[in-house]
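Here is the structure we will look at.
Number of protein chains: 2
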Amino acid sequence: MSDRPERRPPDHIGADIWRAFKAFEAAMYADLDAEGFADISVADSDVLVLIGPKGTRMTALAAARRITKQAAHEQVRSLLARGYLELGPDPTDGRAKIVRLTDQGDALVKVLDAAKMDLHARVTARIGTHGMAQLKALLADVETLLR
Amino acid sequence: MSDRPERRPPDHIGADIWRAFKAFEAAMYADLDAEGFADISVADSDVLVLIGPKGTRMTALAAARRITKQAAHEQVRSLLARGYLELGPDPTDGRAKIVRLTDQGDALVKVLDAAKMDLHARVTARIGTHGMAQLKALLADVETLLR
DNA sequence: CTTATAAAGTCAGGCAACCTGACTACCAGA
DNA sequence: TCTGGTAGTCAGGTTGCCTGACTTTATAAG
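Protein chains in written order, with the working numbering: chain A, 53 to 199; chain B, 53 to 199.
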């Protein structure tokens, strides 16, 4: 007996976009695992990627990710404990703290960027520069239409 | 002073795909809210959409969503409590139970499908049938390449 | 200079959507 | 009939968010 539900939900472009995204994400974290950063979650990488070269405030981080400062705090705390981030005072504001990448964190961000650009390059190799431009434009159309 | 982190992460196709998906999802749940189904989470709709006309086994549901049977159980329990699903025995297997849509659940699924198809139609109106076919093909390329 | 308001970060507690492990009830083959 | 596997449930843990209630520091108003 088949183990699958009998219903085949209607085919729509949202499902196609979702599948492509999931494939990209999976490939991305497979790359990360291969580079020895298996303990990095999606939320972790989303935080790390936002840290500027001179460091970034907690509040700016929270605003950029559209999460509460408490949620951002929790994420930063976890990355602090694992040695990817370090905390310092903000010289211009005694209330604020500056989150900075450690050398380990910087290495991780480089791997993250490299993984993304590698996947980007692989996709380009497959569908061509023209196809890439088309895809980008079409996705932008979808986004602006629906937003 | 700017409140944004100074780092601008490298632009890659994964980000474009992600933004388009998020826009689709947001539009989808805005539609759902407008129809009076504001209490439906993403996980809820993911379950509902898999229920076949003759009902579906818990295990089949879990397998289709690639989650554990325990997680599926929890979701079904919540939808049961809100009257969208009902549970019956499987006549062919004393261990199994069949999850079925109630009338209310069926109405919700129809709204879900309609919302998806409406968004699909709006996107088609924007980028044309040809653009849609292109987008679908390009996304499928990305998916098969990276999977 | 004081006082009010607000903003940055922290702590406590809660919730949704998953997970593992352990269990009961049932099925099917040797 | 025993034995191993499958369907579902219960208990408890984790992650990534949330709201609310603080403390400390900055800033604007009187």
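Note that beta-carbon positions come from the ideal geometry of N, C-alpha and C, so glycine has one too.
{"Item": "Under the DSSP definition of a beta bridge, which residues are partnered with T108 of chain A?", "Value": "A:V151"}
{"Item": "Between the Cα of P143 of chain A and those of A:T108, A:E87 and A:S130, spot the shortest distance and give me the residue it belongs to.", "Value": "A:T108"}
{"Item": "Classify E126 of chain A as buried or exposed, calling it buried when 16 or more other Cβ atoms lie within 10 Å of its own Cβ.", "Value": "exposed"}
{"Item": "By the three-class DSSP mapping on this structure, what secondary structure does E126 of chain A have?", "Value": "helix"}
{"Item": "Thinking just about the alpha-carbon of each residue, which of A:M184, A:D158 and A:R178 is nearest to the one in F89 of chain A?", "Value": "A:D158"}
{"Item": "What are the start and end residues of the alpha helix (DSSP H) that includes G66 of chain A?", "Value": "I65 to A86"}
{"Item": "Where does L34 of chain B fall in DSSP's three states?", "Value": "Lying before the first or after the last residue shown, residue 34 of chain B is absent from chain B, which here runs from 53 to 199."}
{"Item": "Taking 7 Å as the threshold (beta carbon to beta carbon), is P62 of chain B in contact with chain A?", "Value": "yes"}
{"Item": "With 7 Å as the threshold, decide whether the Cβ of R178 of chain A is near any Cβ in chain B.", "Value": "yes"}
{"Item": "Counting along the chain, where does the beta strand (DSSP E) carrying D96 of chain B start and finish?", "Value": "Per DSSP, D96 of chain B belongs to no beta strand (DSSP E); it is in the alpha helix (DSSP H), V94 to L100."}
{"Item": "When you compare the region 91–106 of chain B with the region 57–76 of chain B, are there three or more beta-carbon pairs, one atom per stretch, that lie closer than 8 Å?", "Value": "no"}
{"Item": "Decide if K121 of chain B is buried, meaning its Cβ has at least 16 other Cβ atoms within 10 Å, or exposed.", "Value": "exposed"}
{"Item": "Using a beta-carbon distance cut-off of less than 7 Å, what residues from the region 88–109 of chain A approach chain B?", "Value": "V101, L102, I103, G104, P105, K106 and T108"}
{"Item": "If you run the structure through DSSP and keep just helix, strand and coil, what is G146 of chain A?", "Value": "strand"}
{"Item": "Please tell me whether R178 of chain A and L171 of chain B are closer than 7 Å, where the distance is taken between their beta carbons.", "Value": "no"}
{"Item": "Quick one: list the residues of chain A neighbouring H172 of chain B, beta-carbon separation under 9 Å, in chain order.", "Value": "P62, D63, H64, I65 and G66"}
{"Item": "Run through chain A and tell me which residues come within less than 9 Å of E126 of chain B, C-beta to C-beta.", "Value": "Result: empty, since nearest Cβ-Cβ is about 18 Å, beyond 9 Å."}
{"Item": "Got a sec: is the Cβ-Cβ distance from R59 of chain B to anything in chain A below 7 Å?", "Value": "yes"}
{"Item": "Report the option in A:D145, A:A192, A:T154 and A:L187 whose CA atom is closest to the CA atom of P105 of chain A.", "Value": "A:T154"}
{"Item": "Could you give the C-beta distance for L137 of chain A and V151 of chain A, rounded to a whole number, given that I count them as a contact under 8 Å?", "Value": "5 Å"}
{"Item": "Under 8 Å between beta-carbons, which chain B residues line up against V194 of chain A? List them in chain order, please.", "Value": "A72, A75, F76, V175, R178, I179 and L187"}
{"Item": "Quick one, which residues of the region 145–162 of chain B are near chain A if we go by CB-CB under 8 Å, in chain order?", "Value": "none"}
{"Item": "What does G183 of chain B reach in chain A if we use C-beta pairs closer than 7 Å?", "Value": "L190"}
{"Item": "If contacts are defined as beta-carbon pairs under 8 Å, then V101 of chain A and L131 of chain A qualify, I think. What distance do you get, rounded to the angstrom?", "Value": "That pair is no contact at about 12 Å."}
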